Amino acid sequence: MEVKTSLLDNMIGVGDMVLLEPLTEDSFLENLKKRFDHNEIYTYIGSVVISLNPYRSLPIYTPDKVEEYRNRNFYELSPHIYALADEAYRSLRDQDKDQCILITGESGAGKTEASKLVMSYVAAVCGKGQEVNKVKEQLLQSNPVLEAFGNAKTVRNDNSSRFGKYMDIEFDFKGDPLGGVISNYLLEKSRVVKQPRGERNFHIFYQLLSGASDDTLKKLKLERDFSKYNYLSLDSATVSGLDDAANFRTVRNAMQIVGFMEDEMQSVLELVAAVLKLGNIEFKPESRCNGMDESRIKDKNDLKEMCELLGTEQSVLERAFSYRTVEAKMEKVSTTLNVAQAYYARDALAKNLYSRLFSWLVTRINGSIKAQAKTRHKVMGVLDIYGFEIFEDNSFEQFIINYCNEKLQQIFIELTLREEQEEYIREGIEWTNIEYFNNAVICDLIENNQNGILAMLDEECLRPGTVTDETFLDKLNTICADHQHFESRLSKNSKFLNDHSLPHNCFRIQHYAGKVLYRVEGFVDKNNDLLYRDLSQAMYKANHSLIKQLFPEGNPVKVNLKRPPTAGFQFKASVGTLMSNLQTKNPNYIRCIKPNDKKASHIFNESLVCHQARYLGLMENVRVRRAGYAFRQAYEPCLERYKMLCKNTWPHWKGPARQGVEVLMTNLQVPAEEYSYGRSKIFIRNPRTLFFLEEKRKQCLEDLATLIQKIYRGWKCRSHFLLLKKSQIVVASWYRRYAQQKKYQKIKHSTTVVQSYTRGWQARKLLRELKYQKKCEEAVTTIAAFWHGTQVRREYRKFFRANAGKKIYNFTIQRIMQKYFLGLKSKLPSMSPIDKTWPARPYSFLDGVHAELRRIFHLWRCKKYRSQFTEEKKAVYEEKLEASELFKDKKALYPSSVRQPFKGDYLEISKNPKYQKLSSAVDEKILLADVVNKINRANGKGSPRLFLLTKKNVVLADQKTGQLKANVPLTDLASVSTSTQTDGFFALKLKEGSASAIKGDFLLSSDHLIEMITKLHRISSMAADREKLNIDILDEFLVQFKQDKVCVKFIQGSPKNGNSVSCKRKNNRLLEVSVPASS
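So, in structure tokens, the structure goes:
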């Protein structure tokens, strides 16, 4: 069953200001503050939504919230912007009524976010489909593009809309979006050239410099440094919480989704870059011969780059900044511009270029999102426009903004009263005229075609002669002096002559929201908004695809000498069009309020909120709604809510809902003048009556809650008792079962014990009988054996007495030997030849046998071990054995070589392509190949050589090239000398008179010395035709170098020399080798 809810349920403060009692400004603000402190940022005034900016994210915009407010009555749930959006969408879809949502408030109040929320809600609840989703996405993505080019950081808001926006969203008969049309109003183009302190230029400039790639900036001739550009303020260039680089990527993506082509986006960025370059152009005065000053450009580099971006000739634009051509009928007059006029022309071009680019963007977006079907569409308009502005210094912009708000207030009062009147007539309630302040007199003061302020400003701008802001103020003082809402100190009205709060160059208008003081300075220039024709024509001559569209008046073929319409005239016309558009639609209002100026959450500034509430006319709005009946509700929900207050309607009313409400109101004795019955609703005049009904309902709900609690507690106790009773029966049955099981198990256990004791007694008895029988049989057998033995011994005693001792001795020795051999068999050591363990002998007389058996076993074990060797392995061991015989206890390097296998060919000569030529030069099989160092006699340093050993020769070759250096037959070797130390030095001594001895002996150093010398010795000893090679192991020996003999001496090196072996020449006859001490 669906639970019915209402705006009045769980209400914090008063959700609808129409029901506020008493209605004063203080109670109004106190109610807003109370709801704001509890995160209730939305409050109603009838069908108007008041929205306070929380300055933080709240969890009230989730998809679940969207579903909660979908297709619900406006007053059914707590106040929310979704309720208004849903009411407007359902009225458009179901009742075929065009809607408009007017969002107003000052800068920073959250108007832009409110419009986004409305659009996102409508997008969420309307239909689905590929084409529909594409339209929705384009409508939503138009916002980032317009925000980038039309929003800026101000002192009041980091994302302030500096233009008014009205979007018509078009729907088909099913309520699915087809497209939209956007209208923009009064872009604040003066911000392009100058920003107040603490504010920024439009977002797109900072986003482009922060987020564009280096390649893009290079094409646009820009740098990332903001300080390079005069049009960008530096004191607020970066804003905390605002990522310009990420936002630039978002804008690029949004433009693609909306439908911008790549070349169009590039053209837009080129114009933005041109505006930045334009701000860097500076002028200097130059005197002419006639005594007049003429402006000249200081540095033409920025002008050159700008002209390259726009595709225009530099000379044409440079002349346009220096001269002005005035055409009158058939005459042309060219005048020079001074520096001030040149700066004015530059800024005017920058403002017009940017504002026309913005208007082109809006037109281009409209071309993409406009509905394609030509049938009639349902329309929902969303107006996001500046609120009423009262600053310390108010100028032309504030004047026309406040004029727009006066018109909106006027239409708000008219539409609200019309809506009230239509509902009264629809319900058959008598309509009484409501007195209210009609601000038509203020609108007439501003927009009257004869003597309105805008008309007089246009007339002054078009008047020949000298026109200044002072002459305009004099005209106002003459014509508007008697107007009750116009105040000026210089007017004919004498009561303002001594008003010092009213300066001489100002005038004051009493708007519906309060008095506003306007400084007249700049009114004429801003209204004229002149752009010299020379600049327009220079822009039209550009080759840029977009520039020609933005400056059509520059076409020399279509020269129009008529003065262009003023800014005030254009704005007045666009406001008139907007008002006519709004008159045809059903209005829905969102009033946005800024709670504080610090952009901080949880801060409610009462004076600031009071000021906004006054100029938004919220109290006036409440009074208009309360002038008739403060509250109205359909009969069905009214009866459903209050039926428990009467016994006749509770719990179910069988008849029509209106009759039930009549019975209810009669029973409660509510005075008849406090309510009226309409056709489908009941109208309650005073909020006190509604609160009386709510109080009675609250008391009745408490009584019903008590009754429900009583019945529930009784049911709960009965249910608990029945559960306990059922549980007791179950527990008792289970316990009885358990008790019987335990009793049975106890009896069974006792029976088993008795049986086991009985069986044990029987078994023991049988065992005793069997043991006794066995003993009897053993006794008989023993007696018989002894008897037979005695008989045999008597018979054979004469034969055994002679050899008894010898036989017993031999038998004993035989048993001992048998036991010895069997024990030795089980205790033999392992088959490893190095295992020296042997079992101990049991008797001393076995010493000789024991030692001989150990020797035989070891020889047999070694034979078995040798039989496993291959021929290669056998040769390796033989080499190792020969190395042991040569070097053991003679050479300190020997112990470390024992564990190293003799590999032989360390270089793999046959496989290495580098030594292929060397391998082919050596015909015999290479037994050893390694790298050695050949010691130089001159300095003791070594040169790497390849050492190759075959069965007949020793070969030395260059390591890098493989070139053969020496080939020594083994027959020419006399001996090999080495030291007793751990070094790898050895000398190959050649026989005197041999062919190889011409160059002398070889002194070499190798990491495999033991293996080399062993193999040399082994090859020489195996050859039958050669003498055995002598191996000399000495710490000092002589080496023959060509004609001289040099002594090689080996000494122990000191620790400071490290662990390396070093060879040094001491003199011509001595080489000293320092060997580190072995550990």
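Heads up: the sequence shown is residues 281 to 1359, going by this note's numbering.
Where is the CB? At the ideal position from N, CA and C, for every residue including glycine.
Remember, it's a predicted structure, so these values are computed and weren't measured experimentally.
Beta-carbon proximity of residue i to residue j, cut-off 9 Å
i: Gly848; j: Leu737; result: yes
i: Ile1189; j: Ala1218; result: no
i: His1297; j: Leu1207; result: no
i: Ile705; j: Ser956; result: no
i: Met1302; j: Leu1229; result: no
i: Ile681; j: Phe692; result: no
i: Asn807; j: Thr846; result: yes
i: Gly1242; j: Leu1198; result: yes
i: Glu954; j: Ala937; result: no
i: Lys874; j: Leu332; result: yes
i: Lys391; j: Cys872; result: yes
i: Gly478; j: Asn527; result: no
i: Ile381; j: Leu695; result: no
i: Gly407; j: Gly460; result: no
From the options, residue whose alpha carbon lies closest to that of residue i
i: Ala363; options: Asp376, Ala1218, Leu458 and Ala394; result: Ala394
i: Tyr634; options: Cys406, Lys408, Val552 and Glu585; result: Val552
i: Asp452; options: Pro1175, Glu411 and Tyr349; result: Glu411
i: Lys564; options: Ile577, Ala554, Ser1176 and Leu558; result: Ile577
i: Pro1249; options: Ala1237, Gln1239, Ala1275 and Thr969; result: Ala1275
i: Gly725; options: Glu740, Glu702 and Cys760; result: Residue identity check: residue 725 is Leu in the sequence provided, not Gly. With distances taken between Cα atoms, Leu725 lies closest to Cys760.
i: Val298; options: Asn581, Asn718 and Ile964; result: Ile964
i: Leu590; options: His784, Phe831 and Lys1086; result: Phe831
i: Cys786; options: Met819, Asn674, Leu1226 and Leu896; result: Asn674
i: Tyr798; options: Asn423, Thr342, Phe671 and Leu826; result: Phe671
i: Asn835; options: Arg1073, Glu1132 and Lys821; result: Lys821
i: Tyr341; options: Ala404, His791 and Leu382; result: Ala404
i: Asp1185; options: Ala1201, Lys1205 and Ala1172; result: Lys1205
i: Cys926; options: Gly935, Lys934 and Met945; result: Met945
i: Val642; options: Leu502, Pro424, Arg921 and Lys631; result: Pro424
i: Lys755; options: Leu742, His763 and Ile733; result: Ile733
i: Leu489; options: Glu450, Pro476 and Arg529; result: Arg529
i: Tyr922; options: Met899, Leu973 and Leu858; result: Leu973
Close Cβ partners of residue i (< 8 Å) along its chain, the five nearest in sequence each way excluded
i: Cys890; result: Glu305 and Leu309
i: Lys1279; result: Ala1246 and Lys1322
i: Lys1269; result: Leu1253, Ala1254, Ser1255, Val1256, Ser1257, Asp1281, Val1319 and Gln1320
i: Leu300; result: Val294, Ser307, Phe308, Asn311, Val902 and Pro967
Whole-Å CB distance - residue i paired with residue j, under 8 Å assumed
i: Leu617; j: Leu597; result: So it is not a contact: roughly 13 Å between Cβ atoms.
i: Gly661; j: Tyr446; result: 6 Å
i: Gly444; j: Leu466; result: 6 Å
i: Tyr538; j: Gln418; result: Inspection of the sequence shows that residue 538 is occupied by Val rather than by Tyr. Yes, they are in contact, since the Cβ atoms of Val538 and Gln418 sit about 5 Å apart, within 8 Å.
i: Thr1360; j: Tyr603; result: Nothing about residue 1360 can be reported from this structure: the residues present for the chain run from 281 to 1359 only.
i: Glu727; j: Lys852; result: 6 Å
i: His791; j: Glu920; result: Incorrect: roughly 45 Å between the Cβ atoms, too far for contact.
Residues of its chain near residue i, where Cβ-Cβ distance is below 7 Å and the 5 sequence neighbours each way are ignored
i: Gly1220; result: Cys1343, Lys1344, Arg1345 and Leu1351
i: Phe803; result: Phe676, Leu737, Asp749 and Phe752
i: Val283; result: Annotation note: pLDDT 40 at Val283 (below 50); position unreliable, coordinate value reported separately. Answer for Val283: no residue qualifies.
i: Phe1224; result: The sequence given here has Pro at residue 1224, not Phe. For Pro1224, where only same-chain residues beyond five positions count, the Cβ hits under 7 Å are Val1211, Asn1213 and Gln1239.
i: Tyr349; result: Leu357, His360, Tyr362, Ala363 and Asp366
i: Asn510; result: Gly559 and Asn560
i: Asn1347; result: none
Neighbourhood of residue i by C-beta distance below 6 Å, restricted to the same chain and skipping five residues each side
i: Asp378; result: Val659 and Lys865
i: Asp1412; result: Because the chain is modelled from 281 through 1359, residue 1412 falls outside the range shown and cannot be assessed.
Taking only runs that begin and end inside the region 295-370, name each unbroken beta strand (DSSP E) of 3 or more residues, in chain order. 322-325 and 328-332
In chain order, which continuous runs of the beta strand (DSSP E) of length 3 or greater are located wholly inside the region 790-869? 794-799
To test your reading of the DSSP string, which unbroken alpha helix (DSSP H) runs of 4 or more residues are found completely within the region 1218-1258? none
My parser needs the beta strand (DSSP E) runs of 3 or more residues fully inside the region 553-581; what are they? The DSSP assignment places complete beta strand (DSSP E) segments of no fewer than 3 residues inside the region 553-581 at 563-567 and 573-577, in order along the chain.
Which ranges does the beta strand (DSSP E) cover as unbroken runs of at least 3 residues, wholly within the region 381-423, from first to last along the chain? none
Those runs of the beta strand (DSSP E) which lie wholly inside the region 1257-1326 and span at least 3 residues: 1265-1270, 1282-1285, 1310-1313 and 1316-1321
Could you tell me which uninterrupted alpha helix (DSSP H) segments, each at least 4 residues in length, are contained entirely in the region 930-1003, listed from first to last along the chain? 937-947
Which parts of the region 582-642 are runs of the alpha helix (DSSP H), unbroken and 4 residues or longer, counting only runs that do not cross its ends? 594-600
To test your reading of the DSSP string, which unbroken alpha helix (DSSP H) runs of 4 or more residues are found completely within the region 502-550? Listed in chain order, they are 524-538.
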